[in-house]
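Working notes, beginning with the structure itself.
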Amino acid sequence: MMTHWIKIARLSKTLSKINFSFLNARYKFKKRMDFYTIVLTCFILSIVGVIYYYYFTMIEQFYLGLVDLGMNTVFFRLVFCGIAVLLTVMCIFLLINTFCFSKDIEQFQMFPMPPSDIFTSKYLIATLFCYSIEILILLPICIIQTQYMKDASILITYLSTAIILPHIILLPLAIIVTICLKISMICKGKKVILSVSGIVIYLIGIIVYGIVSINWSMSADQDLSNWLNKVIVPFPFFNQYIALPITLQLSCIIFSILSFVGYYYMCNFIIGNKFTIYNSKASIKQNKILFNSSAKLKSYLIKEYKIFFRNPMYIINGLFGTLITPFLLPLSFRITSTADSIEQIRTLITTPKFSIYAVLFALVVVIFTSSINVIASSSFSREGANYWIAEIIPYSIKQQAFAKFLFSTSISIAGIIMNCLIFKFYFHYSFMQTVWIAMIGTLFVTLWNLIGVFIDMKRPKLDWTNETEAIKQNINVILSIIICISISIGFCFVIFKMLQKNLPVYAIICFTLCSLLALIFLVCKGITSNRE
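In this text, residue positions in the sequence shown follow our numbering: the first is 6, and each later residue adds one.
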């Protein structure tokens with residue numbers, strides 16, 4: 006029996022290497038580290054350290070703010086409620102990715118192992134992923150609260166709650182996805198739609214139950230602290246669990262083991278010994294096929310859109326920087342600033358004297374967020390084993406690079422539009438300020454996409470088995486981000502020096518536009534000079 010669980014653990018290790026490997030780091034660290042690997046590792050660690058430091062500072066300010074309001078007892082509840090929501094969202098994406106989109110289930114079924122072993126291995130991966138997220142988030146929180154409260158028992162409470170929380174969230178979601186996969190196997194339906202529908206029904210049921218239970222327990226004369234205690238509950242029987250002695254709280258380790266073993270037997274009962282994935286393929290009647298001729302550029306752009314938007318891995322990894330980063334600025338202002346300070350900032354933006362500084366600040370935000378562009382820098386790598394088709398079609402590599410540039414730029418411009426809307430309606434920028442931000446930001450986005458396409462065009466990563474490797478394990482993506490950020494820092498430094506010397510605004514604008522156009526011309530020259 007123990008040998009059986011060891012096999013499941015080894016299978017989980019293999020699956021984690023397939024799904025979570027980043028830039029083939031496990032191979033590079035086993036070899037002798039060269040100078041490039043050391044510099045890249047130090048650069049990534051420094052960025053992570055800076056982000057972690059600001060996260061630590063923000064949590065400390067939040068805790069002290071609750072202490073000033075006399076609501077420090079709500080801190081623990083708020084923390085784990087937020088983590089529960091975060092883990093729920095991440096578990097849904099991870100389960101749909103590993104259970105529905107991943108093709109390894111079909112390949113692993115060639116080995117002499119039951120389907121329940123494969124599903125249990127994926128459940129173990131999701132659990133360990135939740136634990137790693139909890140460690141990153143809870144470590145500063147636990148340090149801050151222990152430092153101010155001077156009570157070591159808080160560590161046990163955080164540890165026990167962190168152990169039990171992922172299973173409370175993950176176990177019902179995993180069982181629902183497993184049942185939906187079994188239904189899709191029997192009915193030969195689409196497993197993704199069934200799984201998403203099951204999860205949505207489950208979440209709606211939880212929300213409705215929470216609203217009904219809150220209405221039953223609420224009263225009109227409650228203060229804010231009691232209201233939060235009623236509303237914010239990370240998991241069922243939270244108060245009873247926290248009230249347990251420390252020795253009983255540590256019994257959550259037994260609960261986590263039972264949850265893991267329970268899912269194995271539940272999966273074995275639901276799936277059985279045979280599991281088959283049916284791919285729905287539409288039957289095509291040959292006598293009714295109509296051939297529609299279209300321009301080469303239009304056809305290639307349609308092909309790029311279909312390849313990108315039909316693959317959820319490309320959508321999640323590619324659109325994250327475009328759609329999420331524009332909302333980080335107003336979110337950070339909401340967290341770190343009061344309503345009065347935000348109104349003061351809006352008033353300052355409309356002042357003619359500080360108008361140019363407001364535009365420069367907005368451009369800095371747009372430039373740095375748009376420099377994290379993984380779509381352009383993986384444009385040729387996403388072709389993978391089908392790259393030979395790109396070499397034989399009657400459309401040159403230069404023209405294909407131009408089409409890929411148009412595709413990635415169209416998505417990046419969506420991020421520019423979102424940024425401009427946020428600056429216009431949240432920070433109350435004027436129309437002319439927004440126009441300047443959009444115009445110069447579009448030039449920077451054009452340059453970033455050209456750089457990404459140029460780098461990936463010279464040396465694409467074509468040897469990959471999983472779609473995530475084309476982005477996550479692609480050195481061209483990291484190189485493009487580093488170059489774009491370096492150019493952004495150079496522009497910021499030069500413009501800052503020009504402002505110190507009190508140069509006129511038109512001189513700064515002329516320098517920026519001429520420099521951008523020159524860089525765009527040089528990169529275009531590099532792309533067109535590529536030998537076929």
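Using N, Cα and C, we set each Cβ at its ideal position, and we do this for glycine too.
Predicted model only: the values in this text are computed from it and were never measured.
With C-beta atoms as the reference, is M462 less than 9 Å away from A406? Along the sequence shown, read from residue 1 onward, the residue named residue 462 stands at position 457. Along the sequence shown, read from residue 1 onward, the residue named residue 406 stands at position 401. Pairing M462 with A406 gives a Cβ-Cβ distance under 9 Å.
Who are the near neighbours of F48 in its chain, counting only those whose CB is closer than 8 Å to its CB and skipping five residues on each side? Here residue 48 is taken as the residue at index 43 of the sequence shown, counted from 1. Cβ neighbours of F48 beyond the five flanking positions: I487.
When we look at the beta-carbon of F428 and count the other beta-carbons within 10 Å, is it buried (16 or more) or exposed? The count along the sequence shown starts at 1 and reaches residue 428 at position 423. Classification for F428: buried.
Decide if W441 is buried, meaning its Cβ has at least 16 other Cβ atoms within 10 Å, or exposed. Stepping through the sequence shown from its first residue, residue 441 is reached at position 436. Of the residues assessed, W441 falls on the buried side of the cut-off, its CB having 16 or more other CB atoms within 10 angstroms.
Please name the residue in S376, I181, K530 whose C-alpha comes closest to that of L448. Walking along the sequence shown from the start, residue 448 turns up at place 443. Out of S376, I181, K530, S376 has the C-alpha closest to the C-alpha of L448.
Collapsed DSSP secondary structure at Q254 in the structure displayed: Position 249 of the sequence shown, counted from the first residue, corresponds to residue 254. Helix.
For L100, which residues from the same chain have a beta carbon less than 7 Å from its beta carbon, with the 5 sequence-adjacent residues on both sides left out? The residue given as residue 100 occupies position 95 in the sequence shown. Closer than 7 Å at the Cβ level, and outside the excluded window around L100, lie A131, L178, A179, V182.
Mind reading off the beta-carbon distance from F459 to G531? Whole number of angstroms is fine, and I expect it under 8 Å. Here the question's residue 459 lines up with position 454 in the sequence shown. Here the question's residue 531 lines up with position 526 in the sequence shown. 5 Å between Cβ atoms; contact.
Measure from the alpha carbon of S200 to the alpha carbon of each residue in T352, F104, V528, then state which is nearest. Against the sequence shown, residue 200 aligns to sequence position 195. Out of T352, F104, V528, F104 has the C-alpha closest to the C-alpha of S200.
Between which residues of its own chain and L518 is the CB-CB distance below 6 Å, once the five residues before and five after are set aside? Sequence index remark: in the sequence shown, residue 518 carries index 513 (1-based). There are no such residues.
Can you tell me the Cα-Cα spacing of I289 and V94, whole angstroms? The residue given as residue 289 occupies position 284 in the sequence shown. The residue given as residue 94 occupies position 89 in the sequence shown. With a pLDDT of 41 at I289, under the threshold of 50, the predicted position of this residue should be treated as unreliable, and no value is reported.
Thinking C-alpha only, which one of N479, L452, K506 is nearest V528? Along the sequence shown, one-based indexing puts residue 528 at 523. Ranking N479, L452, K506 by CA distance to the CA of V528 puts L452 first.
Quick one: residues in its chain with C-beta nearer than 8 Å to the C-beta of Y392, no 5 flanking neighbours on either side, listed in chain order? As a first step, residue 392 is located in the sequence shown; it is residue number 387 there, counting from the start. F385, P465, L467, listed in sequence order.
Taking C-beta to C-beta, are L20 and L92 nearer than 9 Å? Counted from its first residue, the sequence shown places residue 20 at position 15. Counted from its first residue, the sequence shown places residue 92 at position 87. No, these two residues do not count as a Cβ contact at 9 Å.
For V364, is the classification buried or exposed, using 16 other Cβ atoms within 10 angstroms of its Cβ as the cut-off for buried? Translated into the one-based positions of the sequence shown, residue 364 becomes position 359. In summary, V364 is buried, with 16 or more beta-carbon neighbours lying within 10 Å of its beta-carbon over all protein chains present.
Could you spell out the range, first to last residue, of the alpha helix (DSSP H) harbouring G1? Lying outside 6 to 537, the shown extent of the chain, residue 1 is not represented and no answer is given.
Residues of its chain near C425, where Cβ-Cβ distance is below 7 Å and the 5 sequence neighbours each way are ignored: In the sequence shown, the residue the question calls residue 425 occupies position 420. The beta carbon of C425 sits closer than 7 Å to the beta carbons of T439, I442, A443 from its chain, once the five residues preceding and following it are set aside; these are given in chain order.
Span separating the alpha-carbon of Y268 from that of S493: Residue mapping note: residue 268 aligns to position 263 of the sequence shown, counting from 1. Residue mapping note: residue 493 aligns to position 488 of the sequence shown, counting from 1. In a straight line, the C-alpha of Y268 is about 50 Å away from that of S493.
Put Y400 into one of helix, strand or coil per three-state DSSP. Reading the sequence shown from its first residue, position 395 is the one you call residue 400. Three-state DSSP puts Y400 in coil, outside helix and strand.
If you measure between the beta carbons of V371 and G446, is that distance less than 9 Å? If you number the sequence shown from 1, residue 371 lands on position 366. If you number the sequence shown from 1, residue 446 lands on position 441. Contact flag set, yes.
Could you compute how far the alpha carbon of N244 sits from the alpha carbon of V90? Taking the sequence shown and counting its residues from 1, the one referred to as residue 244 is at position 239. Taking the sequence shown and counting its residues from 1, the one referred to as residue 90 is at position 85. When the Cα atoms are used, N244 and V90 turn out to be separated by approximately 18 Å.
If the criterion is Cβ atoms closer than 9 Å, does the pair P241 and I173 meet it? Numbered from its first residue, the sequence shown carries residue 241 at position 236. Numbered from its first residue, the sequence shown carries residue 173 at position 168. For P241 and I173, yes; Cβs fall inside 9 Å.
Under a Cβ-count criterion, where at least 16 other Cβ atoms within 10 Å of its own Cβ denotes burial, should K127 be classed as buried or exposed? By 1-based counting over the sequence shown, the position of residue 127 is 122. Buried is the call here.
Could you tell me the alpha carbon to alpha carbon distance between Y214 and L208, rounded to whole angstroms? Residue mapping note: residue 214 aligns to position 209 of the sequence shown, counting from 1. Residue mapping note: residue 208 aligns to position 203 of the sequence shown, counting from 1. Y214 and L208: Cα-Cα distance of roughly 10 Å.
Once DSSP output is grouped into helix, strand and coil, what is the label at G70? Along the sequence shown, one-based indexing puts residue 70 at 65. Three-state DSSP puts G70 in a helix.
Give the C-beta separation of V482 and V379 to the nearest angstrom, bearing in mind that I take them to be a contact with Cβ-Cβ under 8 Å. By 1-based counting over the sequence shown, the position of residue 482 is 477. By 1-based counting over the sequence shown, the position of residue 379 is 374. Sure, about 5 Å apart at Cβ, within 8 Å.
Compare the Cα-Cα distances from W10 to each of F265, D73, V55, F516 and report the closest residue. Working through the sequence shown from its first residue, we reach residue 10 at position 5. Closest option to W10, Cα to Cα, is F265.
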